[in-house]
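Asker:
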Amino acid sequence: MIVLCLKELWLECQNCNKCPLSKTRKNVVFGGGNLRSKIMFIGEGPGKEEDIQGRPFVGKAGQLLNKMLEAIGLNREDVYIANIVKCRPPNNRPPLQNEIEACIPYLRNQVAIIRPKIIVCLGATAAKAIIDKDFKITAMRGQWTERKGVKIIATYHPAALLRDPEKKKPAWEDFKEIKAQLDKLEDKNEG
Ligand code: URA
Ligand code: SF4
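First residue of the sequence shown? That's 1 in full-length UniProt numbering, and the numbers climb one at a time after it.
See the structure below:
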């Protein structure tokens, strides 16, 4: 896939039927936000509300994500958000390996075009697809790795925080860490 710009990539996604999720989706959820953002958040895949609206993280998990962003001084207009798969898996099941493999080239292109300095994987599905196939979210969240000058970290998916409030404290620690890393980037730009 040779893609020159985000608009071209968006159009390719809208017409995509590379995996079976194309048969059950209402809308392709390409992702969105600030195209010049230094930070990109990557979720698992669209849920019910995202599928209806065609936008990422607009349901309950999205509302919690908005609150967490606000708590570190960011809002949705400051960041870019996408998902591992762009079409909703039926009944919100995790995406299957063949679906992830079919879809992830789009995300790679998106990252190549937006060129974030920080990537935050939200939950195990994103962490496994992006960081390490054997990623263990509970043991390995909150740790930075770096690839081609991009800092990458994983934290719990906001939907996991809704199911298990005990995870909120460690997730908040991760968000503070992310904020600190962002502030470092700003300092570099000023200095
Ligand atoms: N959960 C995700 O992983 N992505 C969304 O866009 C919404 C909910
Ligand atoms: Fe295409 Fe990705 Fe949707 Fe599958 S999930 S149909 S690969 S856009």
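Yeah, the Cβ is synthetic: ideal placement off N, Cα and C, and Gly gets one too. Quick caveat: nothing in here was measured; it's all calculated off a predicted structure.
Should the stretch 78–94 be called in touch with the stretch 30–43, which here means at least 3 C-beta pairs below 8 Å?
Answerer: Yes, the stretch 78–94 is in contact with the stretch 30–43.
Asker: Touch check for the stretch 134–147 and the stretch 62–73: three-plus C-beta pairs under 8 Å?
Answerer: Too few Cβ pairs lie closer than 8 Å, so no.
Asker: Is there at least one non-hydrogen atom of the ligand SF4 closer than 7 Å to the beta-carbon of residue 151?
Answerer: Flag unset: Cβ of residue 151 not near the ligand SF4.
Asker: Please indicate yes or no: does the CB of residue 83 lie closer than 7 Å to some heavy atom of the ligand URA?
Answerer: Correct: residue 83 has its Cβ closer than 7 Å to the ligand URA.
Asker: How far does the alpha helix (DSSP H) with residue 111 in it extend, from its first residue to its last?
Answerer: Here the alpha helix (DSSP H) through residue 111 covers 97–114.
Asker: Just to confirm, is the Cβ distance from residue 52 to residue 179 under 8 Å?
Answerer: No, Cβ-Cβ distance for residue 52 and residue 179 is not below 8 Å.
Asker: Run through the UniProt domain "Uracil-DNA glycosylase-like" (30–176) for me and flag every whole beta strand (DSSP E) of 3 or more residues, listed as ranges in chain order.
Answerer: Runs found: 39–43, 80–83, 118–122, 145–147 and 150–155.
Asker: Do residue 102 and residue 19 come within 8 Å of each other at the CB atom, strictly closer than that value?
Answerer: A contact, by the Cβ cut-off of 8 Å.
Asker: Please report the straight-line C-alpha distance between residue 15 and residue 188, rounded to a whole angstrom.
Answerer: Approximately 41 Å, taken between the alpha carbons.
Asker: Taking only three categories from DSSP, how would you classify residue 18?
Answerer: Coil.
Asker: Cβ-heavy atom distance between residue 99 and the ligand SF4 below 7 Å?
Answerer: Correct: residue 99 has its Cβ closer than 7 Å to the ligand SF4.
Asker: From the DSSP output, in three-state form, read off residue 189 for me.
Answerer: It is helical.
Asker: If you draw a straight line from the C-alpha of residue 23 to the C-alpha of residue 90, how long is it?
Answerer: The alpha-carbon atoms of residue 23 and residue 90 are separated by roughly 10 Å.
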